[in-house]
Amino acid sequence: MKEVPPNTYVINVLWDAEAEVWVATSKDIKGLVLEAATMELLMSEIEDVVPDLLEDNHANHGPDLSICVQAHRSALIKAHA
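Residue numbers (UniProt numbering): 1 to 81.
Below, the structure written as structure tokens:
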């Protein structure tokens with residue numbers, strides 16, 4: 001995995017197979033817990049919610065926020081017979 005640039009907020013995303021949703025959390029962004037049916041919808045929610053959470057947490061940052069979304073999804077697939 002690539003090294004995360006300084007001043008970047010890391011967001012971890014996992015696929016919850018039971019609930020059939022992507023789930024986003026972050027050690028860097030207090031209170032971030034989001035879920036969505038698609039990665040595109042989740043990214044949209046992240047873009048909407050993260051600036052507000054950082055403001056609520058009194059985080060110091062410039063006009064633009066750098067995020068690194070690290071996604072993981074495991075699956076069992078059928079092998080050829």
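Even for Gly, the Cβ is constructed at its ideal location relative to N, Cα and C. Note that the structure is predicted; figures quoted are calculated from it, not measured.
Would you mind sorting Val-10 into buried or exposed? The rule is 16 or more other CB atoms within 10 Å of its CB. exposed
Quick check: the Cα distance between Ala-71 and His-80, rounded to an integer number of angstroms? 27 Å
Span of the alpha helix (DSSP H) around Leu-76: Careful: Leu-76 lies outside any alpha helix (DSSP H) and carries neither H nor E.
Neighbourhood of Val-12 by C-beta distance below 6 Å, restricted to the same chain and skipping five residues each side: One detail in the question is off: residue 12 reads as Asn in this sequence, not Val. Cβ within range, chain order: Thr-25 and Gln-70.
Under the DSSP definition of a beta bridge, which residues are partnered with Leu-34? Answer is Ala-24, bridged to Leu-34.
By Cβ distance, which residues of its chain are closer than 6 Å to Lys-27, with the 5 residues on each side in sequence left out? none
Report back the beta-carbon spacing between residue 82 and Val-49 to the nearest angstrom; my notes put them in contact at under 8 Å. The requested residue 82 does not occur in the structure, where the chain is confined to residues 1 to 81.
Which class does Val-49 belong to by DSSP, given the choice of helix, strand or coil? helix
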